[in-house]
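Visitor:
Residue numbers (my numbering): 1 to 232.
Right under this line is the structure:
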């Protein structure tokens, strides 16, 4: 696995085709919509696994995602609980954007695939597992101390930034609506608990501003990469 510098002390990122692995020297306060570890309040490990191409292994990953991610964690020597993500995307296409000002740093990690695009409330998108899935997964790492209120706002703000990147790129669903994501998107917000305390995290705050910039940049880069790959 190759090391990627995200600019936050004490947090490492390693990437290969099948995995990205965020490891923190100290526990991160976490809020996540992930089916794997989504109930955790803190973790030192965030792990994204690529759904295998082999039909039997693919079926295992999709039907037993917790076991699939746990198996990957064991191979890496992780003995602690992890927050896990699944994607069909090659992790070499992971986009990373970091923004910093003063003592606050925000790093956004995005895997962007534009399949099964959705527009909530406009039409029902159903994924049956018969074709390769497509997701926009986000892991947002914040080097600051966030209240639970700020954690929730960070997740909604990151979602807004993702939707803005899709809107400005003109990405639409099969039904012709402006897409705001895919039917299976997942988000993770993780904070170090160091430095300045933020009760709120909206766009009027520095942490919210930096978060919006980082997420928008990472998702926009992923959209451009997806377009380039589809033209090859």
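Here a beta-carbon is modelled for each residue, glycine too, at the ideal position from N, C-alpha and C. Being a predicted model, the structure only gives us computed values, none of them experimental.
1. Let me know if residue 116 comes out buried or exposed under the rule of 16 or more other beta-carbons within 10 Å of its beta-carbon.
2. Quick one: what does DSSP say residue 55 is sitting in, helix, strand or coil?
3. By DSSP's criteria, residue 15 is part of a beta bridge. Which residues make up the other side?
4. Taking 8 Å as the threshold (C-beta atoms), are residue 226 and residue 114 in contact?
5. Taking three-plus beta-carbon pairs below 8 Å as touching, is the region 72-85 in contact with the region 94-108?
6. Between the beta-carbon of residue 155 and the beta-carbon of residue 31, is there less than 8 Å?
7. With H, G and I counted as helix, E and B as strand and the rest as coil, what does DSSP make of residue 124?
8. Tell me, to the nearest whole angstrom, how far the beta carbon of residue 37 is from that of residue 82; I am working on the premise that it is less than 8 Å.
9. For the beta strand (DSSP E) containing residue 163, name the first residue and the last one.
10. Any idea if residue 24 is buried or exposed, counting beta-carbon neighbours within 10 angstroms, 16 or more meaning buried?
11. Does any heavy atom of the ligand NAD sit closer than 7 Å to the C-beta of residue 211?
12. How would you call residue 197, buried or exposed, if buried means at least 16 neighbouring beta carbons within 10 angstroms?
13. Pull up the distance between the alpha-carbon of residue 109 and that of residue 138, whole angstroms please.
14. Could you round the C-beta distance between residue 100 and residue 210 to whole angstroms and report it? I think they count as a contact, below 8 Å.
15. Distance, Cα to Cα, residue 185 vs residue 195?
16. Is residue 158 closer than 8 Å to residue 125 when the C-beta atoms are compared?
17. Compare the C-alpha of residue 46 against each of 90, 53 and 69 and name the closest.
18. Terminal residues of the continuous alpha helix (DSSP H) containing residue 79?
19. Could you tell me which residues DSSP pairs with residue 207 in its beta bridges?
20. For the beta strand (DSSP E) containing residue 143, list its first residue and its last residue.
21. Could you work out which residue in 63, 222 and 58 is closest to residue 35 when comparing CA atoms only?
Guide: Reading from the atomic positions:
1. Label assigned to residue 116: buried.
2. In the structure shown, residue 55 sits in a helix (DSSP, three-state: H, G or I).
3. Partner(s): 2 and 20.
4. For residue 114 and residue 226, yes; Cβs fall inside 8 Å.
5. Flag = no, the region 72-85 and the region 94-108 do not touch.
6. Yes, these two residues count as a Cβ contact at 8 Å.
7. Note: residue 124 maps to coil in three-state DSSP.
8. Between residue 82 and residue 37 the Cβ distance is about 6 Å, and since that is below 8 Å, they are a contact.
9. Unbroken run through residue 163 is the alpha helix (DSSP H), 148-168; no beta strand (DSSP E).
10. Buried is the label assigned to residue 24, since at least 16 other Cβ atoms lie within 10 Å of its Cβ.
11. Annotation note on the ligand NAD: not contained in the displayed structure, which lists no ligands.
12. Per the 10 Å Cβ criterion, exposed.
13. Each residue's Cα considered, the two are about 6 Å apart.
14. Yes, they are in contact, since the Cβ atoms of residue 100 and residue 210 sit about 7 Å apart, within 8 Å.
15. So the two alpha carbons sit approximately 30 Å from each other.
16. With respect to residue 158, residue 125 sits apart: the two C-beta atoms are not nearer than 8 Å.
17. Closest option to residue 46, Cα to Cα, is 69.
18. No residue range can be given for residue 79, since it is assigned to no alpha helix (DSSP H) and is classified by DSSP as neither H nor E.
19. According to DSSP, residue 207 bridges with nothing at all.
20. Segment 136-143, the beta strand (DSSP E) holding residue 143.
21. The option with the nearest alpha carbon to residue 35 is 63.
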